[in-house]
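For reference, the structure is listed below as structure tokens.
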Amino acid sequence: MNGGRLQEFAEEVCKTQTQAQLELLLNEKDNTGCSALHYASRDGHIRSLENLIRLGACINLKNNNNESPLHFAARYGRYNTVKQLLDSEKGSFIINESDGEGLTPLHIASQQGHTRVVQLLLNRGALLHRDHNGRNPLQLAAMSGYNETIELLHSVHSHLLDQIDKDGNTALHLATMENKPHAISVLLSMDCKLLYNRMDMSAIDYAIYYKYPEAALAMVTHEERANEVMALKSDKHPCVTLALIASMPKVFEAVQDKCITKANCKKDSKSFYVSSCE
1 MNGGRLQEFA EEVCKTQTQA QLELLLNEKD NTGCSALHYA SRDGHIRSLE
51 NLIRLGACIN LKNNNNESPL HFAARYGRYN TVKQLLDSEK GSFIINESDG
101 EGLTPLHIAS QQGHTRVVQL LLNRGALLHR DHNGRNPLQL AAMSGYNETI
151 ELLHSVHSHL LDQIDKDGNT ALHLATMENK PHAISVLLSM DCKLLYNRMD
201 MSAIDYAIYY KYPEAALAMV THEERANEVM ALKSDKHPCV TLALIASMPK
251 VFEAVQDKCI TKANCKKDSK SFYVSSCE
């Protein structure tokens with residue numbers, strides 16, 4: 001989409017059409033409900049965006065999924081496009097609009113790990129709404145495994161860490177369900193609570209249930225929280241140790257290895273010893 005040609009097109013149209021007719025053309029939708037502004041926002045065509053807005057394109061026009069151009073810009077990480085849309089006359093009115101799934105631009109940018117866009121939206125006053133599943137932006141970042149975004153959101157709004165969705169799942173539950181071990185480690189290091197959801201299942205229960213060794217390892221070998229995780233009990237897995245032995249023996253081997261301490265000397269030395277944790 002060429003910004004210069006768009007201007008020429010508008011000038012030609014205005015010779016035979018009224019401003020109202022030009023705006024109808026600019027806001028015309030395709031079969032998905034998208035306008036020219038949606039595509040300019042998706043692809044980051046700043047010059048086209050400027051001209052479309054100046055000529056009368058509607059910035060809060062929604063497509064068939066109830067997505068605005070700002071939703072598109074947030075999804076594709078178009079920082080300058082997001083800024084341009086927010087700087088427009090109606091920018092303050094569109095920043096917190098939700099799509100068909102209840103996702104705001106902040107939700108979407110967090111879900112996609114576009115940390116700079118998340119920071120921009122927060123700086124402009126984006127609110128911490130929940131989507132239709134009751135999830136906040138940090139939970140979506142955790143599900144996708146974007147640690148930098150998790151850390152940013154937590155640094156500004158630490159109360160998001162242990163919020164639960166409609167099913168009682170925390171960010172830790174969701175990161176585990178999606179098998180995101182690095183996100184799990186980050187959340188545990190942030191001292192997230194080890195809660196049970198509405199199914200009476202903790203995060204480690206899901207790691208065992210889905211047989212995700214990476215997620216399980218991140219929890220049961222965590223430097224500060226491993227013992228807490230191993231002590232969790234649920235109807236599904238009354239004993240984490242026995243559940244690991246039965247379903248993921250190699251993970252349990254890693255737990256055992258972590259408990260073993262060896263003396264810092266040669267094996268044939270009289271001072272050599274091997275001890276294990278209780």
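Read in the UniProt record's numbering, the sequence shown has 98 at position 98, and its numbers run on one by one without any break.
We put the CB at the ideal spot given by N, CA and C, even for glycine.
Pop quiz: residue i and residue j are said to be a contact at Cβ under 8 Å. What is the actual Cβ separation, rounded to whole angstroms?
i           : j           : result
residue 193 : residue 170 : 7 Å
residue 247 : residue 200 : The Cβ separation is near 19 Å, so there is no contact.
residue 110 : residue 161 : So it is not a contact: roughly 14 Å between Cβ atoms.
residue 75  : residue 21  : Incorrect: roughly 31 Å between the Cβ atoms, too far for contact.
residue 121 : residue 105 : 6 Å
Using CA atoms only, rank isn't needed, just tell me which of the options is closest to residue i.
i           : options           : result
residue 134 : 168, 206, 71      : 168
residue 107 : 241, 127, 88      : 127
residue 57  : 65, 39, 74, 257   : 39
residue 208 : 227, 66, 165, 173 : 173
residue 286 : 83, 96, 32, 186   : No statement about residue 286 is possible, as the shown extent of the chain runs from 1 to 278 and does not include it.
residue 228 : 203, 138, 63, 83  : 203
residue 259 : 239, 238, 230     : 230
residue 124 : 96, 138, 130      : 96
If you drop the 5 nearest sequence neighbours on each side, which residues of the same chain put their C-beta closer than 7 Å to that of residue i?
i           : result
residue 183 : 142, 145, 147, 150, 175
residue 140 : 107, 110, 111
residue 190 : 154, 161
residue 211 : 247, 248
residue 232 : 194, 202, 204, 240
residue 136 : 128, 130, 160, 163
Determine whether the beta carbon atoms of residue i and residue j lie at a separation below 8 Å.
i           : j           : result
residue 67  : residue 99  : yes
residue 249 : residue 215 : no
residue 91  : residue 132 : no
residue 72  : residue 42  : yes
residue 205 : residue 236 : yes
residue 49  : residue 81  : yes
Could you tell me if the beta carbon of residue i falls within a distance shorter than 7 Å of some heavy atom in the ligand SAM?
i           : result
residue 112 : You won't find the ligand SAM in this model; it holds no ligand whatsoever.
Output needed for residue i: all residues of its chain with C-beta closer than 6 Å, excluding positions within five of it in sequence on either side, in chain order.
i           : result
residue 241 : none
residue 78  : 44
residue 188 : 222, 225
residue 178 : 143
residue 129 : 104
By Cβ distance below 8 Å, which residues in the same chain neighbour residue i in space, the five residues on each side in sequence not counted?
i           : result
residue 164 : 134, 170, 195, 197
residue 251 : 213, 216, 217, 220, 244
residue 61  : 27, 29, 35, 37, 38, 68, 69
residue 59  : 37, 53, 68, 69, 70, 85, 88, 90, 91, 94
residue 279 : This structure cannot speak to residue 279, because the chain is shown only from 1 to 278.
residue 186 : 147, 150, 151
residue 83  : 120
Are the segment 111-118 and the segment 84-98 in contact at 8 Å, needing three or more beta carbon pairs? Between the segment 111-118 and the segment 84-98, the count of C-beta pairs closer than 8 Å stays below three; the two stretches do not touch.
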